[in-house]
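Take a look at the structure below.
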Amino acid sequence: MSLRLLILGLIRLHNGMQMVGELKPLPGPNRLKQMPFLVQLTLLIIIVVQVILSSMLQFILMKAIFHQVLLKSLQM
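To convert, note that position 69 of the sequence shown is 300 in the numbering used here; the numbers rise steadily by one, no gaps.
Okay, here's the thing in structure tokens:
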């Protein structure tokens with residue numbers, strides 16, 4: 232039960248990030264109930280890895296933009 236709630240929370244986070252990036256939609260709660268435990272666990276691992284990688288990419292992009300702005304301001 233708690234694994235399912237954790238997955239559903241991560242799916243909401245993932246779907247929120249999907250609007251920003253190119254992440255694929257994930258199954259809803261009704262479909263999640265029909266999945267075996269190992270499939271739910273695998274889905275959990277995949278979602279966590281996707282969220283971590285997406286967050287790292289956003290951080291790297293923001294850092295690159297900050298450095299570009301800093302370089303342009305120093306050149307002026």
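Using N, Cα and C, we set each Cβ at its ideal position, and we do this for glycine too.
This structure is a prediction, so every number in the text was calculated from the model and none was measured.
For M266, there is no enclosing alpha helix (DSSP H), since its DSSP letter is neither H nor E. Q306 and F297 have their C-alpha atoms roughly 14 Å apart. Here M287 carries a helix assignment [DSSP, helix/strand/coil]. Secondary structure of M307 (DSSP, three-state): coil. Nearest in C-alpha terms to R243, of all of Q289, L292, F268, V279, is V279. With 16 or more other CB atoms across the displayed protein chains lying within 10 angstroms of its CB, Q281 is buried. Taking C-alpha positions only, L284 is separated from F290 by approximately 10 Å.
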